[in-house]
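For reference, the structure is listed below as structure tokens.
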Amino acid sequence: MGRRNQYHHYTLNGKPLGKSDREKDLGILVNDKLTWSSQCQAAAAKANRIMGLFTSCSFEEISDDAFLKLKHLEYLFIENNNIKQISGNALRGLRSLIHLSLANNHLESLPSGLFRTLTAIKHIDLRGNPLHCDCQIKWLVQWAHGAGKNVAMWPPLPCEEPAKVKGKGLHELNEGDFYCVSSS
């Protein structure tokens, strides 16, 4: 039993859950008969409140206020979908979010200020997305060097486009790598 049991595979709604190097103590007390109790039901309810798991769901976009009523959510995994677009206010209301994973989608860019309301965020996983490190993503470089400097983003996100920064990690870029003309 437990995470060190190499023979047990956990599932959610019949789909296997991936492995994680992070864990959260839900305060589950197990008796010697390993029976399901009201205490376990309460712990399961707590787990559902703090973790959101949306993997392989074929989402293509995330709209404004998609998670607005989930203010206590701490972990959000939106992985292995077909997400190409996220609205600028999609993450609004996630005040308690510590970990966000948008890994293995089809994101080429992220809307300016997407993470501004994530005041508790500690980890952002954007691996497996073909990021275009152009003027539309300049805000993310600024955020990563400023307000988000204590947020771990992994892996060191490689840029797919344009050619002059292809293969460079997002963390290696600075404002001077962008030539953006504003229409004012």
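Counting from 1, one number per residue, gives the positions in the sequence shown under full-length UniProt numbering.
Glycine included, each C-beta is placed from N, C-alpha and C at the ideal position.
Just so we're clear, the structure is a prediction, and the values are computed from it rather than from any experiment.
{"query": "Bridge partners - Glu161, DSSP secondary structure assignment", "result": "His132"}
{"query": "Nearest to Ser109 (by Cα), restricted to the options Ser63, His123, His72 and Cys159", "result": "Cys159"}
{"query": "Helix, strand or coil at Leu68 [DSSP, three-state]", "result": "coil"}
{"query": "Helix, strand or coil at His106 [DSSP, three-state]", "result": "coil"}
{"query": "CB contact below 8 Å: Gly169 versus chain D", "result": "The question asks about chain D, but that chain is absent: this structure has only one protein chain."}
{"query": "DSSP beta-bridge partners of Trp143", "result": "Trp143 pairs with nothing; no bridge assigned."}
{"query": "Distance between Lys138 and Ala120 (C-alpha atoms, nearest Å)", "result": "22 Å"}
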